[in-house]
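Novice: One structure follows; several queries about it will come next.
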Amino acid sequence: MTGPSDLPSGAEHRLEELRGGFFTSDLSVNEFLLVKEAGFHPLGFVMGSSIYHTGFQGRRWSKSQELTKLTEAMYNARELAMTRMEEEADELGADGVVGVRLDVNYYEWGSDAAEFIALGTAVKAEDGKSYRNRLGKPFTSDLSGQDFWTIMQTGHIPQGLVMGTCVYHIAHRGLGQALSSVGQNVELPNFTQALYEARELAMTRMQDEGTRLGATGIVGVRLEEKSHQWGSHTIEFLSIGTAVTKTGEVSLPKPTVIISLDN
Amino acid sequence: MSAAGDVPEAASRRLESGSFSSGLSATDFSACLQMGLRPVGLVQGFCAMQWGWYAAGSSLGRGLSPFGPSGGGGYQQNWYCPHGFVGGEHRTWGQNFEQTWVEDAWRTGFSAAFDRMLEEAESVGAHGVIGVTDTSRHLADTRVIEFHLLGTAVVVDGAPSPPAGTPWSTYLAGPRLAKLVEAGFMPVSVVATMASVRVWAYCITEFLMEGGAYGWAASMGSTAEIEQVSEARLAARVLAREQARRQLGSDTLQGIAFSAVEREIGAGDQVVECTLRGTRVRRFKDFDPLPPPRPTVRLS
Numbered sequence: 005m006t007g008p009s010d011l012p013s014g015a016e017h018r019l020e021e022l023r024g025g026f027f028t029s030d031l032s033v034n035e036f037l038l039v040k041e042a043g044f045h046p047l048g049f050v051m052g053s054s055i056y057h058t059g060f061q062g063r064r065w066s067k068s069q070e071l072t073k074l075t076e077a078m079y080n081a082r083e084l085a086m087t088r089m090e091e092e093a094d095e096l097g098a099d100g101v102v103g104v105r106l107d108v109n110y111y112e113w114g115s116d117a118a119e120f121i122a123l124g125t126a127v128k129a130e131d132g133k134s135y136r137n138r139l140g141k142p143f144t145s146d147l148s149g150q151d152f153w154t155i156m157q158t159g160h161i162p163q164g165l166v167m168g169t170c171v172y173h174i175a176h177r178g179l180g181q182a183l184s185s186v187g188q189n190v191e192l193p194n195f196t197q198a199l200y201e202a203r204e205l206a207m208t209r210m211q212d213e214g215t216r217l218g219a220t221g222i223v224g225v226r227l228e229e230k231s232h233q234w235g236s237h238t239i240e241f242l243s244i245g246t247a248v249t250k251t252g253e254v255s256l257p258k259p260t261v262i263i264s265l266d267n
Numbered sequence: 116m117s118a119a120g121d122v123p124e125a126a127s128r129r130l131e132s133g134s135f136s137s138g139l140s141a142t143d144f145s146a147c148l149q150m151g152l153r154p155v156g157l158v159q160g161f162c163a164m165q166w167g168w169y170a171a172g173s174s175l176g177r178g179l180s181p182f183g184p185s186g187g188g189g190y191q192q193n194w195y196c197p198h199g200f201v202g203g204e205h206r207t208w209g210q211n212f213e214q215t216w217v218e219d220a221w222r223t224g225f226s227a228a229f230d231r232m233l234e235e236a237e238s239v240g241a242h243g244v245i246g247v248t249d250t251s252r253h254l255a256d257t258r259v260i261e262f263h264l265l266g267t268a269v270v271v272d273g274a275p276s277p278p279a280g281t282p283w284s285t286y287l288a289g290p291r292l293a294k295l296v297e298a299g300f301m302p303v304s305v306v307a308t309m310a311s312v313r314v315w316a317y318c319i320t321e322f323l324m325e326g327g328a329y330g331w332a333a334s335m336g337s338t339a340e341i342e343q344v345s346e347a348r349l350a351a352r353v354l355a356r357e358q359a360r361r362q363l364g365s366d367t368l369q370g371i372a373f374s375a376v377e378r379e380i381g382a383g384d385q386v387v388e389c390t391l392r393g394t395r396v397r398r399f400k401d402f403d404p405l406p407p408p409r410p411t412v413r414l415s
């Protein structure tokens with residue numbers, strides 16, 4: 005697999021079967037119902053995977069800095085997995101993929117190597133219109149079936165799962181620095197600044213992706229922090245959410261007041 | 116960042132771009148649009164604080180601390196040994212006291228992060244910040260605690276800008292916020308307070324917590340209240356509530372959540388920290404009775 009354009013032959017075979025009208029999906033019954041209610045039907049369970057060697061980057065003990073090589077690696081690996089998933093969806097003629105999950109797995113057999121995997125259910129609109137995003141690709145979103153229905157009722161259409169990442173090394177404090185403020189609880193402006201910057205970088209990158217898709221906004225943004233296998237001073241900040249475009253007005257009826265008689 | 120006053124360059128760049136980002140879930144997002152609130156951006160604030168002294172809380176320092184009977188200036192309660200004998204290891208007295216300097220530091224860190232978040236919100240012309248979350252945690256393995264506040268800035272289209280330019284803020288979002296407004300209240304501000312009480316065990320507490328070396332046949336195996344610890348936990352909650360009350364003025368606090376952490380720092384010695392979070396609210400209209408609810412039964 006040199007580029008993301010070639011799917012394994014097993015996938016081809018599986019997708020061929022799905023084209024017959026038979027579908028697989030990881031949607032729950034309720035999700036399935038609401039996806040149908042929103043005017044879409046599931047085509048099949050799609051995935052994309054990428055095993056990536058994240059390598060190593062030297063860091064300076066006492067300096068807080070972004071580790072750009074690692075940032076790029078983490079970003080590209082996820083992007084590859086996502087693109088392959090989109091291709092599977094494309095093969096099925098899907099308009100989009102809902103309920104996308106992005107995972108990172110580490111295996112014993114590969115040090116510094118990680119598998120990035122994207123999973124979701126490809127859906128197609130029943131009204132025959134195309135809901136593909138402005139890059140002509142199926143939209144992706146991490147919204148559940150329920151959330152997907154709700155978003156559609158607010159007059160917004162998902163455009164894509166967008167993300168930004170930043171791998172950052174937090175400086176170790178020298179003995180001198182630590183001693184000079186021993187016994188005091190004071191703000192450490194360098195730390196504040198460095199981490200603030202790192203998260204903002206991740207969020208800006210996410211927002212740039214949204215802008216490229218012509219999105220009006222991003223909903224459900226999550227800000228995750230992981231140390232993976234780099235030790236506690238190196239942290240990946242990952243910002244991820246679903247970019248949406250406004251196409252109409254809110255058509256959600258005013259909620260009915262209910263009282264549940266269940267325990 | 117010597118004072119809360121400058122948002123990093125990356126933040127300004129992010130907030131200036133045309134599209135919005137929001138940490139709201141799809142449900143919260145739709146409830147927010149229905150209420151006439153338009154999300155304009157995810158806003159956040161940070162403050163990293165040196166938090167060195169915790170590790171020094173060993174029982175060796177017991178009785179040597181500068182914060183003895185009159186040091187902290189807050190709540191304080193003493194316990195004395197009823198046995199009337201003095202042995203090298205026997206703890207003849209014990210004390211609970213409020214660690215006001217820890218509370219001060221917590222307040223400094225929290226408010227710096229909070230102010231920075233509001234500042235980001237103000238820079239995008241927001242009226243309010245909804246769905247606020249706050250965390251404070253140790254950074255990597257350093258003795259640094261980082262305070263992080265995050266929320267979604269919203270605009271009420273057509274409304275005048277908020278008085279004094281400061282947006283309102285709330286922990287609530289979505290349907291819960293809608294219900295609050297429905298009930299005739301508007302959010303004013305997020306309120307969070309922290310109370311820290313240190314327990315220095317005296318002989319009885321030490322025995323009950325750890326099992327002492329003095330063979331107290333009478334209480335062996337029986338169930339007894341550890342009065343000193345109960346008092347400390349109660350005090351921490353009361354103190355956190357009192358601090359919050361002082362911030363309220365004539366408003367009320369809605370959706371209060373208490374969380375308490377106990378940290379063991381030696382034989383029977385511990386620190387009890389209680390955090391209170393809630394949203395300060397103000398009545399702006401009379402309560403409109405809701406339509407009668409429809410009873411439902413789930414079939415699953």
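Protein chains in written order, with the numbering used here: chain D, 5 to 267; chain Y, 116 to 415.
We put the beta carbon where it would ideally sit given N, CA and C, even for glycine.
1) Secondary structure at Met51/D, three-state DSSP: helix, strand or coil?
2) Going by CA-CA distance only, name the one from Leu264/Y, Ile260/Y and Thr207/Y that's closest to Ile245/Y.
3) Apart from the five residues on each side of it in sequence, which residues of its chain come closer than 6 Å, Cβ to Cβ, to Ala350/Y?
4) Between which two residues does the beta strand (DSSP E) holding Cys389/Y run?
5) From the DSSP output, in three-state form, read off Asn34/D for me.
6) Which chain D residues are close to Gly299/Y, counting only those with a beta carbon under 8 Å from its beta carbon?
7) Since Ser137/Y contacts Gly221/D with CB under 8 Å, what's their CB separation in whole angstroms?
8) Applying the criterion that 16 or more other CB atoms from any shown protein chain within 10 Å of the CB defines a buried residue, is Glu340/Y buried or exposed?
9) Alpha carbon to alpha carbon, how far is Arg206/Y from Val171/D?
10) Return the first residue and the last residue of the alpha helix (DSSP H) that Ala351/Y is part of.
11) Which runs of the alpha helix (DSSP H) fall wholly inside the stretch 56-113 of chain D and span at least 4 residues, in chain order?
12) Where do the ends of the alpha helix (DSSP H) carrying Asp403/Y lie?
13) Which residues in the same chain have their Cβ closer than 7 Å to the Cβ of Ser374/Y, if we skip the five residues on either side of it in sequence?
14) At a CB-CB cut-off below 7 Å, which residues of chain D make contact with Gln149/Y?
15) Is the beta carbon of Ala122/D less than 8 Å from the beta carbon of His57/D?
16) Quick one, which residues of the stretch 259-291 of chain Y are near chain D if we go by CB-CB under 8 Å, in chain order?
17) What first and last residue would you give for the alpha helix (DSSP H) that runs through His17/D?
18) Taking the alpha carbon of Glu218/Y as the reference point, which residue from His237/D, Gln197/D, Thr260/D and Val190/D has its own alpha carbon closest?
19) Alpha helix (DSSP H) containing Trp221/Y: first to last residue?
20) Any C-beta of chain Y sitting closer than 8 Å to the C-beta of Met167/D?
21) Applying a beta-carbon distance threshold of less than 7 Å, which residues of chain Y neighbour Thr154/D?
22) Show which residues of chain Y have a CB atom less than 8 Å away from the CB atom of Asp151/D.
23) For Tyr169/Y, which residues from the same chain have a beta carbon less than 7 Å from its beta carbon, with the 5 sequence-adjacent residues on both sides left out?
24) Contact criterion: CB-CB distance below 8 Å. Does Val286/D meet it with respect to chain Y?
25) Counting only C-beta atoms, is Met434/Y closer than 8 Å to chain D at any point?
26) Within a Cβ cutoff of 8 Å, which residues of the same chain sit near Asp403/Y, ignoring the five residues on either side of it in sequence?
Specialist: In brief:
1) The answer is strand: DSSP assigns Met51/D an E or B state.
2) Among Leu264/Y, Ile260/Y and Thr207/Y, the Cα nearest to that of Ile245/Y is on Leu264/Y.
3) Excluding positions up to five away in sequence, the list reads Tyr190 and Val312.
4) Following the DSSP letters along the chain, one finds Cys389/Y inside the beta strand (DSSP E) bounded by residues Gln385 to Arg398.
5) Looking at Asn34/D - three-state DSSP - the assignment turns out to be helix.
6) Here the premise fails: no neighbours, minimum Cβ distance about 16 Å.
7) That pair is a contact at about 7 Å.
8) By the neighbour-count criterion, in which 16 or more other beta carbons inside 10 Å mark a residue as buried, Glu340/Y falls on the exposed side.
9) When rounded, the distance between both Cα atoms is 50 Å.
10) Membership of Ala351/Y in the alpha helix (DSSP H) is indicated by the continuous run Glu342 to Leu363.
11) Fully enclosed alpha helix (DSSP H) runs of 4 or longer: 72-95.
12) Unbroken run through Asp403/Y: none, as it is neither H nor E.
13) Around Ser374/Y: Thr390.
14) Correct list: Val254 and Leu256.
15) Their beta carbons are not under 8 Å apart, which means Ala122/D does not touch His57/D by this criterion.
16) Contacts with chain D (Cβ-Cβ distance below 8 Å) from the stretch 259-291 of chain Y involve Val259, Glu261, Leu265 and Pro290, listed in chain order.
17) DSSP places His17/D inside the alpha helix (DSSP H), whose first and last residues are Ser13 to Leu22.
18) If we check each option's Cα against that of Glu218/Y, Val190/D comes out closest.
19) If you look at Trp221/Y, you'll find it in the alpha helix (DSSP H) that goes Thr215 to Ser238.
20) At least 8 Å separates the CB of Met167/D from every CB of chain Y.
21) Listed along chain Y, the residues sitting closer than 7 Å to Thr154/D by beta-carbon distance are Ala141, Thr142 and Ser145.
22) One finds Ser140, Ala141 and Thr142 in chain Y with Cβ atoms closer than 8 Å to the Cβ of Asp151/D, taken in chain order.
23) Only weak support exists for where Tyr169/Y lies, its pLDDT of 44 falling under 50; the coordinates are left without a value.
24) Residue numbering for chain D in the displayed model covers 5 to 267; residue 286/D lies beyond these limits and cannot be assessed.
25) Because chain Y in this structure spans residues 116 to 415, residue 434/Y falls outside the shown range and cannot be described.
26) Same-chain partners within the cutoff: Glu297 and Gly299.
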